[in-house]
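Take a look at the structure set out below.
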């Protein structure tokens, strides 16, 4: 069985097939860079990085794009508050974002488009929608005409009448329909660009569509991802524009990651109940957080609390200690092998192919860990190597670091002295030597 993933567009688990053999084109909505990210923001970052890792593991070349929204009311407001430019705010928090991503083990995407670099393309796109009758201008603002699309609501499984009933009628009296959304926003405040409609800036929903079209050379992509909170209206509105302009849904598979809640409540900067990624100071804590996030069912919400985090911190510690002991045994005996047991790898791929069932993979990894510890105690180097290699492959796909520093001449000598001290029950000396080896990352 090949890879099966849940497609939010069809509400079905479907076999994954790409437009081009062996190549995955994937786009994930990135951050609006006006503040530091919290661990709820980090969940999609971690998940889609893991997805890219797995796609590469099973042989795909992945072209992964994730944007930076560097023009937005929140950025403008913060710039005005601090008396600096929007560019300074965006640069500061973009740098912080990528540092957080790196600390969490998430690699930089293949493409990182910035909204402000595509203003011309956005204006051209908006002009074409106006010419096609899918958009209209009112006093410098341009709106998308939702009622020109019968399929509006296809992603969120809602019909227009139901959506209209849930919209306040006094939101914007310039709109023909309360559901119509802005493509170009007239403004005299903050950063703006000239246009035939007057000075303004693009609407958020238009940015992603234009960047996808440009980056992927006007082709429909394979995967479009984001958090569950983006499903409506953002992703619904992206699809609406793509349907109007290209006659397709922009991507074949739409994927959405559940929220991360704090003690049952949505984590949100506006609610003030956030835990920042910056609050995690050590690699151990950052990797424990990543392991926690990766191994939860990705479409479900996570109810985060300190108890859950500590549980995964213990799990991570258990895996890293066992892995170090195993690698030390192999290293000390100059035993080198990249082999794994065929059935272990098949089990891993089988679970991952079931809509990325990382929970079952974690159970598999725990079983492998027990077998690894038994082999390490028995000194069975062949089994040690095969089990350690499989655990490392799993954790590499998860993006969870398994640190080990190979022996050099100095640490090999200290290790021999440590073994000797233990054998003669010189525990005081053994403890000192162990501390040196621990500091060196050997044990």
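Residue numbers (this note's numbering): 7 to 449.
Backbone N, C-alpha and C define an ideal beta-carbon position, used for all residues, glycine too.
Cβ shell of residue i (< 8 Å), same chain only, five flanking positions each side left out
| i | result |
| --- | --- |
| residue 10 | 19, 20, 21, 22, 359, 360 and 361 |
| residue 112 | 51, 52, 55 and 405 |
Alpha-carbon to alpha-carbon, residue j and residue i
| i | j | result |
| --- | --- | --- |
| residue 273 | residue 49 | 12 Å |
| residue 267 | residue 95 | 27 Å |
| residue 136 | residue 186 | 13 Å |
| residue 8 | residue 59 | 16 Å |
| residue 188 | residue 182 | 12 Å |
| residue 276 | residue 415 | 55 Å |
| residue 431 | residue 326 | 26 Å |
| residue 213 | residue 402 | 33 Å |
| residue 319 | residue 372 | 14 Å |
| residue 15 | residue 127 | 27 Å |
| residue 149 | residue 243 | 11 Å |
| residue 260 | residue 428 | 57 Å |
| residue 106 | residue 100 | 10 Å |
| residue 91 | residue 104 | 20 Å |
| residue 253 | residue 300 | 35 Å |
| residue 412 | residue 33 | 38 Å |
Residue i (DSSP reduced to helix, strand or coil)
| i | result |
| --- | --- |
| residue 160 | coil |
| residue 273 | coil |
| residue 44 | strand |
| residue 67 | strand |
| residue 360 | strand |
| residue 150 | strand |
| residue 294 | helix |
| residue 411 | coil |
| residue 259 | strand |
| residue 182 | coil |
| residue 51 | helix |
| residue 448 | coil |
| residue 112 | coil |
| residue 122 | helix |
| residue 83 | helix |
Buried or exposed by the 16-neighbour rule on C-beta atoms within 10 Å, applied to residue i
| i | result |
| --- | --- |
| residue 433 | exposed |
| residue 285 | exposed |
| residue 25 | exposed |
| residue 255 | buried |
Same chain, Cβ closer than 7 Å to residue i, five either side skipped, listed in chain order
| i | result |
| --- | --- |
| residue 422 | none |
| residue 332 | 378, 382, 390 and 394 |
| residue 190 | 132, 147, 148, 201, 203, 206, 208 and 209 |
| residue 2 | Since the first and last residues shown for the chain are 7 and 449, residue 2 lies out of range. |
| residue 47 | 37 |
Within the region 364-401, note down every full alpha helix (DSSP H) run reaching 4 residues or more, in order along the chain.
-> 364-384
Starting from the N-terminal side, write out each stretch of the beta strand (DSSP E) that is 3 residues or longer and does not extend beyond the region 206-244.
-> 206-208 and 227-233
Within the region 16-41, ranges of the beta strand (DSSP E) (whole runs, at least 3 residues) = 18-21 and 29-34
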